[in-house]
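S.K.:
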Amino acid sequence: MIGSWRLNVGFGAFGALLTFLFSLSNNPIGTTLLRSIYAFLVFVSLAFAVRFVLGQLVVPGGPAHEDLIPEEERGAVLDLTTPDEEDSLSEMMKEQWAGGKAKHVKGFQPLQPKRLVSIDNPDPEEVVQAIRRLTDD
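Structure follows, in structure tokens:
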């Protein structure tokens with residue numbers, strides 16, 4: 029654990045003093061002292077819990093993996109494995125990406141829209157249909 033028992037007692041005394049000062053104006057002296065003792069115990073317990081958790085987080089548990097390997101052998105061996113079926117995996121990914129429709133797409137294929145509308149000479153019926161579609165919610 030970090031620190032010593034004096035840290036717990038100091039934190040408890042600080043909590044008891046605060047409780048005594050805030051409680052003195054509203055309560056009789058006996059109630060104020062009893063609440064100060066309770067506050068002391070709670071603050072000491074809280075300080076102990078915080079010290080315990082910090083002690084567990086700061087102190088390492090055991091030797092690191094790097095300490096087990098001799099220094100002259102570090103970096104000499106690299107353990108990497110690659111899948112043997114790289115081509116089949118690549119083909120499966122291409123199929124999945126294409127959605128199973130076309131296995132081999134060659135080159136660039138521009139989009140071929142069904143119908144293009146010119147703005148120069150608009151058809152009144154098409155304009156009316158477009159406005160109706162835009163205003164429908």
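If you want our numbering, it's the 1-based position in the sequence shown plus 28.
From the three backbone atoms N, C-alpha and C, an ideal C-beta is built for every residue, glycine too.
Everything numeric in this text was worked out from a predicted model, so none of it was measured.
(1) Just the Cα atoms here: how many angstroms apart are residue 77 and residue 63?
(2) Consult DSSP for residue 73 and reduce its assignment to one of helix, strand or coil.
(3) Consult DSSP for residue 137 and reduce its assignment to one of helix, strand or coil.
(4) To the nearest angstrom, how far is the alpha carbon of residue 43 from that of residue 101?
(5) The alpha helix (DSSP H) spanning residue 109 covers which residue range?
(6) Identify whether residue 152 lies in helix, strand or coil by the three-state DSSP scheme.
(7) Would you call residue 36 buried or exposed, if buried means 16 or more other Cβ atoms sit within 10 Å of its Cβ?
M.R.: Inspection of the coordinates gives the following:
(1) Residue numbering aside, residue 77 sits at position 49 when the sequence shown is read from its first letter. Residue numbering aside, residue 63 sits at position 35 when the sequence shown is read from its first letter. The alpha-carbon atoms of residue 77 and residue 63 are separated by roughly 21 Å.
(2) The residue given as residue 73 occupies position 45 in the sequence shown. Reduced to three states, the DSSP call for residue 73 is helix.
(3) Start at 1 with the first residue of the sequence shown, and residue 137 comes out as number 109. DSSP places residue 137 in coil when its eight states are reduced to three.
(4) Walking along the sequence shown from the start, residue 43 turns up at place 15. Walking along the sequence shown from the start, residue 101 turns up at place 73. Going from the Cα of residue 43 to the Cα of residue 101 covers about 55 Å.
(5) Translated into the one-based positions of the sequence shown, residue 109 becomes position 81. Per DSSP, residue 109 belongs to no alpha helix (DSSP H) and is neither H nor E.
(6) As a first step, residue 152 is located in the sequence shown; it is residue number 124 there, counting from the start. Three-state DSSP puts residue 152 in a helix.
(7) One-based indexing of the sequence shown puts residue 36 at position 8. With 16 or more Cβ atoms within 10 Å of its Cβ, residue 36 is classed as buried.
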